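Read the structure below first, then the notes.
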Amino acid sequence: MNSALNSLDPSTIEFMEWLISKDTNPGDTLLVVEDYFDKKYVILFDKSMLTNVIVAYRDGMPWCITCNTEDCGHVGFAIYLKQNYDRDDQVVY
């Protein structure tokens, strides 16, 4: 499957845009957080793929089940999301 987030680099910008828009206009981001279960998985809706994407944690390391890799933008976004959760102890989506 092809995504606009096919490498880790765009995930930084996408996460920043998500943080800015989650309170104002969440429809403007490429990724939508569907579900977050700390240290287990993240379900994202990728608008460029028009499908849900699952990033699971295996021994503490994120792995994108959908892309079958550890270095796509979904993984990068999930890492930032977890860091944000660890700081605030909650994810608001």
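Quick note, in UniProt numbering, the sequence shown goes up one by one and the last residue is 93.
Ideal Cβ placement from N, Cα and C applies to all residues, glycine included.
Note that the structure is predicted; figures quoted are calculated from it, not measured.
Assigned secondary structure, residue i (DSSP; H/G/I helix, E/B strand, else coil)
i	result
residue 97	Absent from the structure is residue 97, since the part of the chain shown begins at 1 and ends at 93.
Ile43	strand
Ala56	strand
Thr12	helix
Rounded straight-line distance, which links the Cα of residue j to that of residue i
i	j	result
Asn25	Thr12	19 Å
Asp38	Gly73	19 Å
Lys40	Ala56	6 Å
Glu70	Asp9	13 Å
residue 136	Gly76	Because the chain here runs from 1 to 93, residue 136 falls outside it and cannot be looked at.
Residues that residue i bridges to, as DSSP identifies them
i	result
Trp18	Bridge partners of Trp18: none, in fact.
Thr66	DSSP, once it has assigned bridges, lists no residue as partnering Thr66.
Thr29	Note: Thr29 sits in no beta bridge, so no partner.
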